[in-house]
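Residue numbers (our numbering): 1 to 89.
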């Protein structure tokens, strides 16, 4: 029996703990590694939910996740943030 919740099922605080510690989200709070590589094209490290909202406010319309979907809480929170800003997941 696995302790993991099925993909898409929210687990509250556990999702945030996984984002902050397992996925090293604490490092990305201040370090974004964001740079423009062409007109209207930017690259950065993996954005967390709060930064996804800020990127949308800056006019970013598409986020390409090179990691792919995962079962951990960090991905669940990031996918939810994208959906709330009308980004396809």
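Ideal Cβ positions, reconstructed from N, Cα and C, are used throughout, including at glycine.
Predicted model, so just to flag it, every value in this text is computed and none were measured.
When only Cα atoms are considered, residue 25 and residue 44 end up about 14 Å apart.
The C-alpha of residue 50 is placed about 8 Å away from the C-alpha of residue 81. According to the DSSP assignment, residue 43 belongs to no alpha helix (DSSP H) but to the beta strand (DSSP E) extending over 41 to 43. In this structure, the alpha-carbon of residue 63 lies about 14 Å from that of residue 77. Boundaries for residue 37: no alpha helix (DSSP H) harbours it, while the beta strand (DSSP E) harbouring it runs 35 to 38, taken from the DSSP string.
By the Cβ rule, the region 11 to 18 does not count as touching the region 64 to 71, because fewer than three pairs are nearer than 8 Å. Its Cα nearest to that of residue 79, the residue 46 stands out among 59, 46, 58.
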